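Participant: Numbering (the numbering used here), first residue to last: 45 to 380. Positions of the beta carbon are idealized from the N, C-alpha and C atoms, including for glycine. Only a predicted model underlies this, so the values are computations on that prediction, with no experimental measurement involved. Just dropping this structure here.
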Amino acid sequence: MPAIVVERLSKTYFTYKRPPGVWSAVKSLFRRERHEIQAVRDISFTIEEGELVGFLGPNGAGKTTTLKMLSGIIFPTSGAARVLGYVPWERHAEMQRQIALVMGQKMQLWWDLPPYESYLLLKALYEVPDDAFEKRVHELAEMLEIRHVLHTQVRRLSLGERMKCELLAALLHRPRVLFLDEPTIGLDVVSQKRIREFLREYNQRERTTILLTSHYMQDVQELAQRVLIIHHGQLIFDDTLRALVERYSPSKALHLRLEQPADAETLSRFGRIVRMDGLEAVLEVPRELVSRVASEILQSLPVYDITIEEVDIDEIIRDIFAGKREAGALVNTAGS
Ligand SMILES: Nc1ncnc2c1ncn2[C@@H]1O[C@H](COP(=O)(O)OP(=O)(O)OP(=O)(O)O)[C@@H](O)[C@H]1O
Ligand SMILES: [Mg+2]
C-alpha cells in the first residue's frame with residue numbers, strides 16, 4: 045500500500061471582502077462580496093512508503109495548502125486522499141499518531157519552556173513509555189547535535205537550534221509519514237546543511253516517508269529523488285530530478301580549454317558557440333550527442349581540459365515558474 049494517495053484534490057478558499065466606508069459596511073451586513081481563491085486544483089499523485097519527495101512551487105502555488113489537507117488540518121473542497129490508508133481530515137487518532145507536520149514558519153514548541161519540557165508533554169500525549177522516550181530523545185539529540193540546548197528556554201535559542209528542536213519534537217513518536225514545510229527557511233547555510241544531512245540520514249535509517257517543500261533548490265537537489273512541481277494550484281511535473289533536467293534542458297554545456305586558439309568556424313562544427321575567449325570556449329551541444337562530440341573534439345583539437353556541465357537546476361526551475369519553459373503535460377502518469 046502506498047503511504048500517500050491523492051486523487052483530484054482541490055481546495056478553494058472563500059474570503060469575504062467589502063470596500064472601505066460606512067455605507068458599504070452597512071450594505072455588507074446584507075450582502076458580502078465573496079472572493080474565491082482556487083489554491084489547489086485537481087491534483088493527483090501517489091507516494092510510496094519510504095520515499096523522500098520534494099514539493100516545489102513559487103509563492104502562493106498551493107504547497108502549504110496541500111500539506112495542511114494531507115495532515116488533516118483543513119478540509120478539501122473536493123477530491124480524495126489517503127495517508128497510511130486513512131482519510132486525513134477525518135483525523136483518526138491512529139493516523140495522528142503516525143504522521144507529523146513541521147512548519148518552518150510556525151513553531152510548535154512552547155516558547156517559555158525548555159524543549160525537554162515540551163517533549164515530556166508530547167510523551168504523555170502520544171503515550172510513549174519512559175525508557176523508549178529517553179532513548180529516543182537521546183538518539184535524536186545526538187543526531188541533531190542539540191543535547192546542550194534541551195534544557196534552555198526555547199525563546200533563548202537560535203533559529204537553527206529551534207528548528208532542530210522542532211524536528212526532534214515531531215519525530216519523538218516515530219511517525220511513518222513526515223510533512224515538512226520549509227524546514228530550512230531563514231537558516232544560515234551551515235544550519236541548512238546540518239538539517240539536510242540529518243533528514244537524509246534519518247530517512248535512510250527509519251524509512252520514513254517524507255514530503256518536503258522548500259524554496260532552496262539545494263534542499264531538493266540533495267535530498268529528493270523525485271519532485272512534484274505545483275504552479276497556480278496545478279501539478280505540472282511529477283518525476284525524478286534527473287528527468288526534470290533532461291526534459292527541460294535538451295542540451296549540455298561543453299567547457300573547453302585549449303592549448304592553442306581555435307577559430308570560430310572550426311569550433312562551430314562541434315556545437316553552438318556560447319562563449320569564446322582566447323583559449324577558452326563554451327559550446328552548447330544536444331544532450332544525446334555530448335559524448336560523441338567530446339571525443340571528436342579530443343581527437344581533432346589541442347585540448348588542455350574539457351568538462352561537461354549540466355544546466356543549472358535553479359535556473360530551470362526559475363524559468364518554469366516564470367513560464368519561460370513550456371510545462372504542458374509533464375506529469376508522469378505511468379506510475380499512477
Ligand atoms: N486561509 C486562507 N484563506 C484564504 N486564502 C488563503 C488561505 N491560505 C492560503 N490562501 C491562498 O491560497 C493560495 C495558496 O497558498 P499556499 O499557502 O498554499 O501557497 P504556498 O505554495 O505554500 O506558498 P509559499 O511558497 O509562499 O509558502 C495563495 O493564493 C494564498 O494567498
Ligand atoms: Mg507555504
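Do Ile-143 and Val-127 come within 8 Å of each other at the CB atom, strictly closer than that value?
Facilitator: yes
Participant: Pick helix, strand or coil for Phe-242, following the three-state DSSP scheme.
Facilitator: helix
Participant: Please name the residue or residues paired with Arg-117 in a DSSP beta bridge.
Facilitator: The sequence given here has Ile at residue 117, not Arg. For Ile-117, which the question treats as bridged, DSSP gives no partner whatsoever.
Participant: Check whether the Cβ atoms of Met-151 and Glu-205 lie closer than 8 Å to each other.
Facilitator: 8 Å or more divides the Cβ of Met-151 from the Cβ of Glu-205.
Participant: Could you give the distance in angstroms between the alpha-carbon of Gln-304 and the alpha-carbon of Tyr-348?
Facilitator: 9 Å
Participant: Pop quiz: Ser-99 and Leu-256 are said to be a contact at Cβ under 8 Å. What is the actual Cβ separation, rounded to whole angstroms?
Facilitator: Just to set this straight, residue 99 is Phe in the shown sequence, not Ser. Contact holds; Cβ gap of about 6 Å.
Participant: Is the beta carbon of Leu-215 less than 8 Å from the beta carbon of Pro-158?
Facilitator: no
Participant: Secondary structure at Ile-48, three-state DSSP: helix, strand or coil?
Facilitator: DSSP places Ile-48 in strand when its eight states are reduced to three.
Participant: DSSP three-state label for Arg-135, please.
Facilitator: In this structure, Arg-135 counts as coil in the three-state DSSP scheme.
Participant: For Pro-330, does the three-state DSSP call read helix, strand or coil?
Facilitator: strand
Participant: With ligand 2 as the reference, list in chain order each residue whose Cβ lies under 7 Å from any of its heavy atoms.
Facilitator: Lys-107, Thr-108, Asp-225, Glu-226, Thr-257
Participant: Confirm, please, whether the CB-CB distance from Gly-101 to Ile-229 is below 8 Å.
Facilitator: Result no, Cβ atoms of Ile-229 and Gly-101 do not sit closer than 8 Å.
Participant: Which same chain residues end up closer than 8 Å to Met-113 when comparing Cβ atoms and leaving out the 5 residues on each side of it in sequence?
Facilitator: Leu-53, Lys-55, Val-84, Phe-119, Pro-120, Ala-125, Pro-132, Trp-133
Participant: At which residue ranges does the segment 149-185 contain complete alpha helix (DSSP H) runs of 4 or more residues, listed in the order of the chain?
Facilitator: With a minimum length of 4 residues, the continuous alpha helix (DSSP H) runs that stay inside the segment 149-185 are 159-170.
Participant: Evaluate Val-375 with the Cβ neighbour count: other Cβ atoms within 10 Å of its Cβ, from every protein chain shown; 16 or more gives buried, anything less gives exposed.
Facilitator: In this prediction, Val-375 has a pLDDT of 49, which is less than 50 and means its spatial position is unreliable; what the coordinates show is noted afterwards. Flag for Val-375 reads buried.
Participant: Helix or strand or just coil, what does DSSP make of Leu-212?
Facilitator: helix
Participant: Verify the contact flag: Ile-317, CB atom, against every heavy atom of ligand 1, threshold strictly below 7 Å.
Facilitator: no
Participant: Give me, in chain order, the residues of the same chain whose beta-carbon lies closer than 6 Å to that of Arg-362; leave out the 5 immediate sequence neighbours on both sides.
Facilitator: Excluding positions up to five away in sequence, the list is empty.
Participant: In the DSSP assignment, find the unbroken alpha helix (DSSP H) run with Ser-312 in it and report its ends.
Facilitator: 308-312
Participant: Excluding the 5 residues flanking Gly-372 on each side, which residues of the same chain have their C-beta closer than 6 Å to its C-beta?
Facilitator: Any reading at Gly-372 must be qualified, since the residue scores a pLDDT of 47, below 50, and its modelled position is unreliable; no value is offered.
Participant: Taking all protein chains shown into account, do 16 or more other C-beta atoms lie within 10 angstroms of the C-beta of Glu-95, making it buried, or fewer, making it exposed?
Facilitator: buried
Participant: Let's test the definition: count the other Cβ atoms within 10 Å of the Cβ of Lys-61 and tell me whether it reaches 16, buried, or not, exposed.
Facilitator: exposed
Participant: Relative to the C-alpha of Val-326, which candidate in His-299, Glu-340, Leu-345 has its C-alpha closest?
Facilitator: His-299
Participant: Do the CB positions of Leu-111 and Phe-223 come within less than 8 Å of each other?
Facilitator: It is a contact, given that the beta carbons lie within the stated cut-off.
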